[in-house]
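Quick note, the sequences are listed as chains A and B, same order. If you're matching positions, the first sequence starts at 7 in the working numbering and goes up one per residue. If you're matching positions, the second sequence starts at 7 in the working numbering and goes up one per residue. Glycine is no exception: its CB is placed at the ideal position from the N, C-alpha and C atoms.
Number of protein chains: 2
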Amino acid sequence: MMVDKKNLEKKYSIGVDLGGTNIVSAIVNYQGKIVSRLKVPTLAEKGKEATVKRIIEAIHKNIAQSTITPDDIIGIGIGAPGPLDIKRGIINFAPNLPGWRDIPLKKILEDEFNMKIVLENDANAAAWGERCFGAGQGINNLVCFTLGTGIGGGIIIDGKIYHGNNCGAGELGHMTVNKDGPRCNCGNYGCLEAFSSATGIKNRIKSRIKEGIKSDFLNFDSDDELLDSIRLKSIFETARKGDKLTKDIVKEAISYLGIAIANITNILNPEMVVLVGGITNEGDKLLIPLKEEVKKRAFYSNYKSLKIVIGELGGNAGVLGAAALLWIPVNRSY
Amino acid sequence: MMVDKKNLEKKYSIGVDLGGTNIVSAIVNYQGKIVSRLKVPTLAEKGKEATVKRIIEAIHKNIAQSTITPDDIIGIGIGAPGPLDIKRGIINFAPNLPGWRDIPLKKILEDEFNMKIVLENDANAAAWGERCFGAGQGINNLVCFTLGTGIGGGIIIDGKIYHGNNCGAGELGHMTVNKDGPRCNCGNYGCLEAFSSATGIKNRIKSRIKEGIKSDFLNFDSDDELLDSIRLKSIFETARKGDKLTKDIVKEAISYLGIAIANITNILNPEMVVLVGGITNEGDKLLIPLKEEVKKRAFYSNYKSLKIVIGELGGNAGVLGAAALLWIPVNRSY
């Protein structure tokens, strides 16, 4: 479907963020404004057919609850966990979606909606969202770290999402930052994710407690479930109150994230690093020590020209980026 | 100067590799064949004017000793140590060339030779050489590690040299691989270069000896100069003979290089990693343990699709790449 730019400006696209916990669907206009948004639980445990059905239902409901007619929607972008075959629109495998193996999601949704469907890695979608509508507007070389349960990344080079040889680029959470570090979910040892993700931070606290180290404030001892339910915010607050155990772990998490950003700075010399995800709620309490670490470790001229910022789209970076995939298809590097 | 392709195939370009020790100039044809080559000592200690004069003399001599007339030469490419201002053709600073600060080498050579002059970072030139005429022919996403006295890198993305925001991309030797590692020349601690470059390996041996650890084979004790003069080849041979001191250091050097390649594999998902420089003379004795480390640490799908190879151009990667900058100017990403 070819639409001229003037016409395009009156159109909408749908962004879908397919997560292990929730499916978010949003109808988005050309300026990146969400005109209608819907969140439903993924219920991944009910199996892949049920989840695919829920995705379809969520999109239909999202359209129905809005005032937009399907004729004004140019397509649907999906941000999904990887590994993906982006070209063919297939989700090869998704650790958080049990049973998902080689699901041709693009084809399924094309058949259902008869619209252009674009599939993208969820971290790339978040990076693209910040690039198009958030902190990275107008920035052509940008790296986005998605800091959540795990750590992902999206790389924008020359204004396009960089996918690499077989759509595997941007696995920033699996940079080895300490070869003797703890085992990561990916099987490697000492990945950034094992130190600086929410799960990594909690696991590090658990293992210290198991070693017999006591927290002065948190009273979870060896109760893993209690710790799992504690929000990252509380851990950071406890660290700031002076609890040595959590303080050490949080300090280390920020330090390794700084090392990873410094490495990206020396390797890719981007104009901007955008941080998104739960941990960024800490604001300057995260940014200030982080920048210190990057400054200490990156080449000065690369550091000096780098902006390290927190994303502006909050939890909507993914859906907005997924929706934006439809607007500027020429900017996709495949 | 516009030349059609048929005409271009009968033309030549000059590649210059400006090093701290030697200046190499080579006249190269369209197929990457060196038709005339000249090497002169840089004599950097005589000062910048003297070195610039030696560069000019070397190029003139190289042309004179060949059968090529200046009319058949389309331009001169210079691979130079950084940091550089590639767009303006200025060498900002070069640690191995004392007194070099903001030298407008492009302008100087344009005035002298009245030809198109292109300046490029030396590691990027080596990467470009391997991409155009060596191991990476036809490969569009490629990362080259230059493993010498120091460690540099060149990144080819979508068939073009990737420069980053201000020409600082590709500093692969300054990836932090161990935050508590030895101090690097760049001021940071635990850079890849401090572990896996020739200098890094020698410094690690020296510091072990200073700690009182004895080598069973090498008899240099604390004589730093003797160790400096020993070739990397002898260190690897000594390690293979079973000398624990050198064996540990060599093993660690390869392991950290493997970590750096695994990180690049997870970040950029390139099709190929090309290794150039002295250490690659070890061939499979380097490649086999290196690939094992990368396999252990990189995402399997990224590793599986990756070729890790030794460059095919040996010490000529730099001059050939510098010469090749003239052939495919459209492939420069600025």
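Exposed unless 16 or more other CB atoms sit within 10 angstroms - verdict on residue i
i, result
"ALA266/B", "buried"
"ASP117/A", "exposed"
"ASP128/B", "buried"
"GLY289/B", "exposed"
"THR75/B", "exposed"
"VAL22/A", "buried"
"ASN120/B", "exposed"
"ALA56/B", "exposed"
"PRO335/B", "Annotation note: pLDDT 48 at PRO335/B (below 50); position unreliable, no value reported."
"ILE294/B", "exposed"
"MET7/B", "Because MET7/B carries a pLDDT of 45, less than 50, the predicted location of this residue cannot be relied on, and the following value inherits that uncertainty. By the neighbour-count rule (16 or more Cβ atoms within 10 Å), MET7/B is not buried but exposed."
"PRO104/B", "exposed"
"LYS16/A", "exposed"
"PRO47/B", "exposed"
"LYS112/B", "buried"
"PRO101/A", "exposed"
"ARG246/A", "exposed"
"GLU51/A", "exposed"
"ALA70/B", "exposed"
"TYR340/B", "Here the model assigns TYR340/B a pLDDT of 37, short of 50, so the residue's position is not dependable, and the following value carries that caveat. Exposed."
"ASP249/B", "buried"
"SER240/B", "exposed"
"GLY176/A", "buried"
"LEU232/B", "exposed"
is_contact[residue i, chain B] using C-beta, thresh 9 angstroms
i, result
"ARG189/A", "no"
"ASP2/A", "An answer regarding residue 2/A cannot be provided, because it is not within the stretch 7 to 340 covered by chain A."
"ASN308/A", "yes"
"SER221/A", "no"
"ILE167/A", "no"
"ILE265/A", "yes"
"LEU14/A", "no"
"SER339/A", "The predicted model places SER339/A with a pLDDT of 40, which falls under 50 and marks its position as unreliable; any figure quoted below should be read in that light. For SER339/A, the answer is yes, since a Cβ of chain B falls inside 9 angstroms of its Cβ."
"ILE207/A", "no"
"TYR36/A", "no"
"ILE161/A", "yes"
Where residue i meets chain B, residues with beta-carbon distance less than 8 angstroms
i, result
"SER311/A", "ASN171, ASN172, GLY174"
Minimum Cβ-Cβ distance from residue i to chain A less than 9 angstroms
i, result
"VAL183/B", "yes"
"ALA100/B", "no"
"ALA268/B", "yes"
"VAL325/B", "no"
"PRO335/B", "Note on PRO335/B: pLDDT 48, under 50, position unreliable in the model; the coordinate value appears next. No - not a single Cβ of chain A is within 9 angstroms of the one on PRO335/B."
"SER261/B", "yes"
"GLY142/B", "no"
Residue i: contacting residues in chain B (beta-carbon distance under 9 angstroms)
i, result
"PHE305/A", "PRO89, GLY174, GLU177, HIS180, CYS192, ASN194"
"GLU277/A", "GLY170, ASN171, ASN172"
Per-residue contacts from residue i into chain A (C-beta, under 8 angstroms)
i, result
"LYS302/B", "ASN194"
Contact list for residue i against chain A, beta-carbon separation under 7 angstroms
i, result
"LEU274/B", "GLY170, ALA175"
Partner residues on chain B for residue i, Cβ-Cβ distance less than 7 angstroms
i, result
"ASN147/A", "GLY170, ASN171"
Distance CB(residue i)-CB(residue j) smaller than 9 angstroms
i, j, result
"VAL325/B", "ARG43/B", "yes"
"GLY156/B", "THR205/B", "yes"
"ASN4/A", "GLU277/A", "Given a span of 7 to 340 for chain A in the structure shown, any question on residue 4/A remains unanswerable."
"ILE92/A", "VAL58/A", "no"
"LEU153/A", "HIS180/A", "no"
"LEU14/A", "ILE79/A", "no"
"VAL124/B", "ALA328/B", "yes"
"SER19/B", "ASN172/A", "no"
"GLY264/B", "THR286/B", "no"
"ILE84/A", "LEU24/A", "yes"
"PHE151/A", "LEU281/A", "yes"
Residue i: CB within 8 angstroms of a non-hydrogen atom of the ligand FAD
i, result
"ILE62/A", "The ligand FAD is not part of this structure, which contains no ligands at all."
Alpha helix (DSSP H) runs wholly inside the stretch 202–239 of chain B, at least 4 long, in chain order: 204–216, 230–235
Which runs of the beta strand (DSSP E) fall wholly inside the stretch 127–187 of chain A and span at least 3 residues, in chain order? 148–153, 157–163
Those runs of the alpha helix (DSSP H) which lie wholly inside the stretch 36–107 of chain A and span at least 4 residues: 54–71
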